[in-house]
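Per the numbering used here: the sequence shown = residues 114 to 171.
Built from N, CA and C at the ideal position, the CB exists for glycine as well.
Everything below concerns the one structure shown next.
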Amino acid sequence: MLGHTALTTTQRYLTASQDEIIQGLLAHHARQDRRPAQPPPAAGYDPRSLEVLFGGTL
114 MLGHTALTTT QRYLTASQDE IIQGLLAHHA RQDRRPAQPP PAAGYDPRSL EVLFGGTL
């Protein structure tokens with residue numbers, strides 16, 4: 114508990130500010146833009162079945 118008598122006193126260390134959240138979100142999207150394209154499904158898999166299982170389009 115970081116030497117505190119109550120766990121609630123650690124909230125100031127564990128609560129992100131709005132700026133930290135926005136920076137984290139922007140960094141996440143920047144990483145997603147750099148991610149390589151996913152390979153097509155392996156032969157024998159029906160893409161429609163994979164859409165049902167994983168959602169969205171492949």
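| Item | Value |
| --- | --- |
| TYR126, enclosing alpha helix (DSSP H) - first and last residue | 124-127 |
| Short Cβ contact (8 Å threshold) for LEU166 with PRO154 | no |
| Between the CA atoms of THR122 and PRO149 - distance to the nearest angstrom | 43 Å |
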